[in-house]
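Number of protein chains: 2
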Amino acid sequence: MTLSKDLVAASATPIILAILQAKDSYGYAIIQKVQEISDHQIAWTDGMLYPVLHRLETAGFIESYWLDADSGRRRKYYHITTAGNEECALLKQQWSVVQHALQVLSEEYMK
Amino acid sequence: MTLSKDLVAASATPIILAILQAKDSYGYAIIQKVQEISDHQIAWTDGMLYPVLHRLETAGFIESYWLDADSGRRRKYYHITTAGNEECALLKQQWSVVQHALQVLSEEYMK
DNA sequence: TTTTATACATAGCACTGCTATGCATAGTAA
DNA sequence: TTACTATGCATAGCAGTGCTATGTATAAAA
Numbered sequence: 431m432t433l434s435k436d437l438v439a440a441s442a443t444p445i446i447l448a449i450l451q452a453k454d455s456y457g458y459a460i461i462q463k464v465q466e467i468s469d470h471q472i473a474w475t476d477g478m479l480y481p482v483l484h485r486l487e488t489a490g491f492i493e494s495y496w497l498d499a500d501s502g503r504r505r506k507y508y509h510i511t512t513a514g515n516e517e518c519a520l521l522k523q524q525w526s527v528v529q530h531a532l533q534v535l536s537e538e539y540m541k
Numbered sequence: 431m432t433l434s435k436d437l438v439a440a441s442a443t444p445i446i447l448a449i450l451q452a453k454d455s456y457g458y459a460i461i462q463k464v465q466e467i468s469d470h471q472i473a474w475t476d477g478m479l480y481p482v483l484h485r486l487e488t489a490g491f492i493e494s495y496w497l498d499a500d501s502g503r504r505r506k507y508y509h510i511t512t513a514g515n516e517e518c519a520l521l522k523q524q525w526s527v528v529q530h531a532l533q534v535l536s537e538e539y540m541k
């Protein structure tokens, strides 16, 4: 399943914030996490993710810090801020509005 | 509640197609229908809707025909095509993938 | 006669998502 | 020891487009 461009754009932020709500993480791991929880139906490229992370950091929704992994490689970890938590809640709410609308329409159609 | 720009873009097509699945309709009525089923939480402008309708028609998802209303005004009615029904089903499926992902993340966070 | 509601249309540009590309290192297969 | 894959991050730059702003027209109502 390939998600439409619009849907990818609309879902990236809430998904990233929701992942970081559980625990701090870094770019590469986030991509894998998204694949995992979507049964490989959502496939993000790194080139698409990093700019989004930078935007979220600029917006103040997440903060970053560098850590060295056991492997020796450097990883840029992201931590969700209070503003990020609020944004995440807001986005989820907006999603539920649309979801509810689609739900109502489906039911109406079935009648 | 004001929906984010991305979400508006991603939800417009499935919502319009879902409305037309129930019965043929026209621009102005579609805007009112969206307000109604979303408890006035989704507010589309006509300037935003008409281009979307034209795009959907060009894509072959809907077809149009003119009708004169009792009021005397002309209305451009839209009818969903077979391709449109398929597209609608596909989009709904894509939405459920994202919805499911967000759901899983929420549950993981709660644990 | 002025305003509001109804009804559709689109030029054009501001905006931006993301592709394409680049850099770097660790592990592993050959 | 070489090549390849996986890991890991970064961004220039432009193709692509969503939608604001604007225009037209008619009916009804105030």
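The listed protein sequences correspond, in order, to chains A and B. First residue of the first sequence: 431, per the working numbering; consecutive thereafter. First residue of the second sequence: 431, per the working numbering; consecutive thereafter. Ideal Cβ positions, reconstructed from N, Cα and C, are used throughout, including at glycine.
Going by DSSP, name the residue or residues bridged to residue i.
{"i": "B/I510", "result": "B/I492"}
{"i": "A/S455", "result": "A/Y508"}
Between the Cα of residue i and those of the options, spot the shortest distance and give me the residue it belongs to.
{"i": "B/M431", "options": "B/D476, B/M540, B/H470", "result": "B/H470"}
{"i": "A/L532", "options": "B/E537, B/A519, B/D454", "result": "B/A519"}
{"i": "A/I472", "options": "A/N515, A/W525, A/V527, A/L437", "result": "A/L437"}
{"i": "B/L479", "options": "B/R504, B/L447, B/K453", "result": "B/L447"}
{"i": "A/K506", "options": "A/S441, A/E537, A/I460", "result": "A/I460"}
{"i": "A/Y539", "options": "B/A452, B/A440, B/K435, B/L433", "result": "B/A452"}
Look up residue i in the DSSP assignment and say whether it is helix, strand or coil.
{"i": "B/D436", "result": "helix"}
{"i": "A/D500", "result": "coil"}
{"i": "A/I467", "result": "helix"}
{"i": "A/A388", "result": "What the structure shows of chain A is the stretch from 431 to 541, and residue 388 of chain A is not part of that stretch, so it cannot be assessed."}
{"i": "B/W474", "result": "coil"}
{"i": "A/M431", "result": "coil"}
To which residues of the same chain is residue i closer than 7 Å at the C-beta, ignoring the five residues directly before and after it?
{"i": "A/G490", "result": "T511, A513"}
{"i": "A/I445", "result": "V464"}
{"i": "B/K522", "result": "P444"}
{"i": "B/D454", "result": "Y507, Y508, H509"}
Mark residue i as exposed unless 16 or more other C-beta atoms lie within 10 angstroms of its C-beta, in which case mark it buried.
{"i": "A/G477", "result": "exposed"}
{"i": "A/G457", "result": "buried"}
{"i": "A/L450", "result": "buried"}
{"i": "A/T443", "result": "buried"}
{"i": "A/Q462", "result": "exposed"}
{"i": "B/E517", "result": "buried"}
{"i": "A/A499", "result": "exposed"}
In chain order, what residues of the same chain have a beta carbon less than 8 Å from the beta carbon of residue i, not counting five sequence neighbours either side?
{"i": "B/E487", "result": "E493, S494, Y508"}
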